[in-house]
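**Student:** Sequential numbering from 21 applies to the sequence shown in the working numbering. One structure coming up, written as structure tokens, with questions to follow.
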Amino acid sequence: MSRYIPFPAFPEKGPLDVSFLFADEKPAGKHGFLTIKGEDFVFEDGTLARFWGTNFNGGACFPDKDYAKKVARRLAMYGCNMVRFHQLDAEWNTPNIYGMAKGIYSATTRKLDPECMDRLDYLISCLKEEGIYCYMDLMTYRKFKSGDGVDVPELLADSAKPYSGFDRRMIDLQKEFATQFWTHVNPYTGLAHKDDPVFVMCEVTNESDLFQNKMTVEPYCTRFREMLEKWVKENGRECDVWNIDINGHDPALMDFKVAQQMEYYQEVIDHCRSIGVKIPMCGNNNCMFEGNVKAQLNTEYTDTHPYYYDWHWGEREKRCMNRGITMAPTTMIAQCPGMRFSGKPFFVSEWDMPWPNAYRAESPVLYAAIGLLQRWSGWVIHTYAYTSDLDRMDILGKEISANSIGNIPYREGIFSTWNDPAKFGLFYHAAIMTRRGDVKASENELKVWRHDLTRDTPGPAFEAVEMQKLTATFDKPEGVPFADEEDILLKEEAGEITSDTGELYRSWKKNYGTVDTANTQCIYGMLCKNGELSTRDLSVKLDTDFAVVALSSLTDEPIAKSKNLLLTTVGRAENTDAKFINDIMTDYGKAPIQIEVIEGDITLKTECKTLSVWAISAEGLYVGKVPAQYTEEGLKFRIGDKFPSMYYLIQAE
21 MSRYIPFPAF PEKGPLDVSF LFADEKPAGK HGFLTIKGED FVFEDGTLAR
71 FWGTNFNGGA CFPDKDYAKK VARRLAMYGC NMVRFHQLDA EWNTPNIYGM
121 AKGIYSATTR KLDPECMDRL DYLISCLKEE GIYCYMDLMT YRKFKSGDGV
171 DVPELLADSA KPYSGFDRRM IDLQKEFATQ FWTHVNPYTG LAHKDDPVFV
221 MCEVTNESDL FQNKMTVEPY CTRFREMLEK WVKENGRECD VWNIDINGHD
271 PALMDFKVAQ QMEYYQEVID HCRSIGVKIP MCGNNNCMFE GNVKAQLNTE
321 YTDTHPYYYD WHWGEREKRC MNRGITMAPT TMIAQCPGMR FSGKPFFVSE
371 WDMPWPNAYR AESPVLYAAI GLLQRWSGWV IHTYAYTSDL DRMDILGKEI
421 SANSIGNIPY REGIFSTWND PAKFGLFYHA AIMTRRGDVK ASENELKVWR
471 HDLTRDTPGP AFEAVEMQKL TATFDKPEGV PFADEEDILL KEEAGEITSD
521 TGELYRSWKK NYGTVDTANT QCIYGMLCKN GELSTRDLSV KLDTDFAVVA
571 LSSLTDEPIA KSKNLLLTTV GRAENTDAKF INDIMTDYGK APIQIEVIEG
621 DITLKTECKT LSVWAISAEG LYVGKVPAQY TEEGLKFRIG DKFPSMYYLI
671 QAE
């Protein structure tokens, strides 16, 4: 019979504080501007850059000043060192960069709201002080208005997808916005944003491209055909310009779309360079259409958004995917290497395995480990929150009173992670291992040849992302081993996969996996049915069916020698009295948020003979000292029976 205990979250703090590990990294920007060296991001002083963090969405980007200081401190406590400012321009959220509140009418999006900019500026200064860097979106959901001088704005969706990628007026407006933002002087830092090394990356546009977004609105369709006709003539191509389906797969059409997107990105990037923006920039971040991926070849790094979710969350019917990563051969992470080019940095600016998936705790440590294996530069989860009014958000999955934001039901809260023990609760380990580089990078790069611009998903070859380093190429490699994107490298019948470094293992046959390094070790999945499971220094034998058990050294010493360790044990987390019928949620439940108590025996191999195990509460208090004893096998103790928690500090007396 499962037991649950309350484990609430607090907007101003976390249960523990690991920021001391990165005290020398404050303030953000102390190493100079972020630059590129081969496939890595490095700061101007040569320091390698790796990032773990979160997105602030919409209104969360414009908090009051008291909260700004608190949230920056909280992120630092969890080990985060990046915030992506996402949906700054979303009209459906409040505040947004054009206005503080609903009610006032404006016929233009050409003016930045002074109060919103002041709030954003102060937040940036607070993040900088805590050693947290900033990622900037130039356009996400800008809703063009009649006063902006664009055609039929009433017929255009948010960010005018995909017309904003080729319409001259809209591109000029994007460049105008870039000038307004980057040349703006932050009074709290004394620097223009373009001159502040707290900013490290920037994208031209979010998830907007000419391949997934269909064209139906005039006069833009005609305008597009005119541009296509000119390009066809200049490049000696054959194409029935005025009769083809411009949302179809004509070869010349596909090549033109690639060329147009590349030209669009380059124009905006060149403009930013002309006004003094120094940081690396990318085009967009949608890996699902091969033509769009090819269009990223001329950008300075690539970026993508993998989600482990089936998108059946409506205003009334709340249906979720309730499947773990250890239950299937492939995961959504396989989308990522299809967007990564050899010799170029790669970053993941959105990811999630959202609530209420009961197995979502598998994702943070595993994703961080795979990123390190692949030599990616880091991850930021999709949503910390859509608002800064978090003092009244005391349950999972329900951030606002309505069942949608901006016509989208899932924005009501299922992506809000700040209070989720099963995901944000594991950020201590994910952030530490990412920033410290605990997992070895694969030294065996396999290039995967992509050659079908009509594909809307990456080929099966990329499913081997947990095996070795994978990169995409659009030029067929000569004289070196390579894989075709259609090759099947991950054999389902094998039932398991192991990284070429030996540090990552996952079995969809046995339904568990491990991350096994000197400084961080993790065992996750359906652990009870597999009996005793071990990494090099950690053994677990659990009575609870599903769990993630993560152990990290909080010193420079490896686990076996460390005098300060953090053990996290978490599985299912849910609201009190939440109700489900199969995969349909019928009741959100109520406060407090609860975690399932993980019960079982833990053995730690250690050279330190004076360790004690303390359970830590959600408030950051000692719950109690867990009985432990030294044996020939190591330090042995049982969790869950006495002083149950999800966090256990193991420290020398």
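Ideal placement from N, C-alpha and C gives every residue a C-beta, glycine not left out. All values derive from a computational prediction rather than experimental measurement.
Cα separation between Lys298 and Gly52?
**Tutor:** In the sequence shown, counting from the first residue as 1, residue 298 sits at position 278. In the sequence shown, counting from the first residue as 1, residue 52 sits at position 32. Rounded to the nearest angstrom, the two C-alpha atoms are 11 Å apart.
**Student:** Does the distance from the C-beta atom of Met156 to that of Ser184 stay below 8 Å?
**Tutor:** Residue 156 sits at position 136 when you count from the first residue of the sequence shown. Residue 184 sits at position 164 when you count from the first residue of the sequence shown. Against a cut-off of 8 Å, the Cβ pair of Ser184 and Met156 comes out as no contact.
**Student:** With DSSP as the reference, identify every bridge partner of Thr319, one or two as the case may be.
**Tutor:** By 1-based counting over the sequence shown, the position of residue 319 is 299. For Thr319, which the question treats as bridged, DSSP gives no partner whatsoever.
**Student:** By DSSP, does Leu655 sit in helix, in strand, or in coil?
**Tutor:** Here residue 655 is taken as the residue at index 635 of the sequence shown, counted from 1. Of the three classes helix, strand and coil, the one that applies to Leu655 here is strand, per DSSP.
**Student:** Let me know the secondary structure DSSP gives Met341 once reduced to three states.
**Tutor:** In the sequence shown, counting from the first residue as 1, residue 341 sits at position 321. Here Met341 sits in coil by DSSP.
**Student:** What is the rounded straight-line gap between the Cα of Val224 and the Cα of Ala388?
**Tutor:** In the sequence shown, residue 224 corresponds to position 204, counting from 1. In the sequence shown, residue 388 corresponds to position 368, counting from 1. Between Val224 and Ala388, the C-alpha separation is close to 25 Å.
**Student:** Could you give the uninterrupted runs of the alpha helix (DSSP H) lying entirely in the segment 168-249, keeping only those of 4 residues or more?
**Tutor:** Runs of the alpha helix (DSSP H) inside the segment 168-249: 188-202.
**Student:** Which residues in the same chain have their Cβ closer than 6 Å to the Cβ of Arg675, if we skip the five residues on either side of it in sequence?
**Tutor:** Coverage of the chain is limited to positions 21 through 673, which leaves residue 675 absent and any answer about it impossible.
**Student:** Hey, how far is the Cα of Leu641 from the Cα of Phe600?
**Tutor:** In the sequence shown, counting from the first residue as 1, residue 641 sits at position 621. In the sequence shown, counting from the first residue as 1, residue 600 sits at position 580. Each residue's Cα considered, the two are about 33 Å apart.
**Student:** Taking 7 Å as the limit between beta carbons, can you name the residues of its chain near Asp168, skipping five residues before and five after?
**Tutor:** Here the question's residue 168 lines up with position 148 in the sequence shown. Thr128, Thr129, Arg130 and Leu193, listed in sequence order.
**Student:** Using only the alpha-carbon positions, how far apart do Asn464 and Gly499 sit?
**Tutor:** As a position in the sequence shown, residue 464 is number 444, starting the count at 1. As a position in the sequence shown, residue 499 is number 479, starting the count at 1. If I take the Cα positions, the gap works out to 16 Å.
**Student:** Within the continuous alpha helix (DSSP H) that includes Pro497, where are the two ends?
**Tutor:** Along the sequence shown, one-based indexing puts residue 497 at 477. Taken as a continuous stretch (DSSP letters only), Pro497 belongs to no alpha helix (DSSP H), as it is neither H nor E.
**Student:** For Glu505, tell me which candidate among Gln614, Trp262, Asp472 and Leu36 has the shortest Cα-Cα distance.
**Tutor:** In the sequence shown, the residue the question calls residue 505 occupies position 485. Comparing Cα-Cα distances from Glu505 to each of Gln614, Trp262, Asp472 and Leu36, the minimum goes to Asp472.
**Student:** If you count every other CB in all the chains shown that lies within 10 Å of the CB of Thr324, and 16 or more means buried, which is it?
**Tutor:** As a first step, residue 324 is located in the sequence shown; it is residue number 304 there, counting from the start. Per the 10 Å Cβ criterion, buried.
**Student:** Is Lys122 buried or exposed, if buried means 16 or more other CB atoms sit within 10 Å of its CB?
**Tutor:** Start at 1 with the first residue of the sequence shown, and residue 122 comes out as number 102. The residue in question, Lys122, is exposed, as its Cβ has fewer than 16 Cβ neighbours within 10 Å.
**Student:** Report the CB separation of Asp141 from Pro207 in whole angstroms; it is logged as a contact under 8 Å.
**Tutor:** Taking the sequence shown and counting its residues from 1, the one referred to as residue 141 is at position 121. Taking the sequence shown and counting its residues from 1, the one referred to as residue 207 is at position 187. With 8 Å as the limit, Asp141 and Pro207 qualify as a contact, their Cβ atoms being about 6 Å apart.
**Student:** Strictly by DSSP, which residues pair up with Leu524?
**Tutor:** If you number the sequence shown from 1, residue 524 lands on position 504. Val535.
**Student:** Using alpha carbons as the reference points, say which of Lys529, Ala538 and Thr540 lies closest to Leu547.
**Tutor:** For this step, residue 547 is matched to residue 527 along the sequence shown. When each option's Cα is compared against that of Leu547, the closest is Lys529.
**Student:** Would you list the residues sitting across from Thr129 in a DSSP beta bridge?
**Tutor:** Counting from 1 along the sequence shown, the entry for residue 129 is found at position 109. BP columns for Thr129 are empty, so no partner.
**Student:** Does the Cβ of Ile615 have 16 or more other Cβ atoms within 10 Å, making it buried, or fewer, making it exposed?
**Tutor:** Residue 615 sits at position 595 when you count from the first residue of the sequence shown. With 16 or more other Cβ atoms within 10 Å, it is buried.
**Student:** Starting from the C-beta of Glu5, find all residues in its chain whose C-beta is less than 6 Å away, skip the five residues before and the five after it, and write them out in chain order.
**Tutor:** Outside the displayed span of the chain (21 to 673) sits residue 5, for which this structure offers no information.
**Student:** Spell out whether any CB of chain B is found under 8 Å from the CB atom of Gly123.
**Tutor:** Of the chains in the structure shown, none is chain B; there is only one protein chain.
**Student:** Based on Cα-Cα distance, which residue from Thr518, Arg23 and Tyr153 lies nearest to Lys489?
**Tutor:** As a working mapping, residue 489 is identified with position 469 in the sequence shown. When only C-alpha atoms are compared, the closest one is Thr518.
**Student:** According to DSSP, simplified to helix, strand and coil, what is Arg104?
**Tutor:** Translated into the one-based positions of the sequence shown, residue 104 becomes position 84. Correct three-state label for Arg104: strand.
**Student:** In the DSSP assignment, what are the bridge partners of Met301?
**Tutor:** Position 281 of the sequence shown, counted from the start, is the residue given in the question as residue 301. Cys222, per the DSSP bridge assignment.
**Student:** Reducing DSSP to helix, strand and coil, say where Phe361 ends up.
**Tutor:** Working through the sequence shown from its first residue, we reach residue 361 at position 341. Strand, per DSSP.
**Student:** Counting pairs of Cβ atoms below 8 Å between the segment 226-244 and the segment 61-80, do you hit three or more?
**Tutor:** Contact fails: fewer than three Cβ-Cβ distances are below 8 Å.
**Student:** Is the segment 195-213 close to the segment 287-301, with three or more CB pairs under 8 Å?
**Tutor:** With a cut-off of 8 Å, the segment 287-301 and the segment 195-213 count as touching, because enough Cβ pairs lie within range.
**Student:** What's the C-alpha gap between Leu669 and Asn531?
**Tutor:** Start at 1 with the first residue of the sequence shown, and residue 669 comes out as number 649. Start at 1 with the first residue of the sequence shown, and residue 531 comes out as number 511. Cα to Cα, Leu669 sits roughly 28 Å from Asn531.
**Student:** Could you tell me whether the segment 391-411 touches the segment 313-320, where touching means 3 or more Cβ pairs closer than 8 Å?
**Tutor:** Short answer: they don't touch.
**Student:** With which residues is Glu505 paired in a DSSP beta bridge?
**Tutor:** Sequence index remark: in the sequence shown, residue 505 carries index 485 (1-based). DSSP lists no partner for Glu505.
**Student:** Can you give me the C-alpha to C-alpha distance between Thr623 and Leu386, rounded to a whole angstrom?
**Tutor:** On the sequence shown, residue 623 is found 603 positions in, with the first residue counted as 1. On the sequence shown, residue 386 is found 366 positions in, with the first residue counted as 1. Cα-Cα distance, rounded: 22 Å.
**Student:** Quick one, which of Ser462, Thr575, Glu552 and Lys511 has its alpha-carbon nearest Leu524's?
**Tutor:** In the sequence shown, counting from the first residue as 1, residue 524 sits at position 504. Of the listed residues, the one whose Cα sits closest to Leu524 is Ser462.
**Student:** Just to confirm before moving on: does the CB-CB distance between Phe63 and Asn101 stay below 8 Å?
**Tutor:** Within the sequence shown, the letter at position 43 stands for residue 63. Within the sequence shown, the letter at position 81 stands for residue 101. No, the pair does not count as a contact, with Cβ atoms beyond the cut-off.
**Student:** Judging by CA-CA distance, which residue of Ser582, Lys583, Gln541 and Glu577 is the nearest neighbour of Val568?
**Tutor:** Within the sequence shown, the letter at position 548 stands for residue 568. Taking only the C-alpha atoms, the option nearest Val568 is Gln541.
**Student:** Can you tell which of Asn427, Glu370, Lys181 and Arg257 has the C-alpha that lies nearest to the C-alpha of Arg336?
**Tutor:** Sequence index remark: in the sequence shown, residue 336 carries index 316 (1-based). Closest option to Arg336, Cα to Cα, is Asn427.
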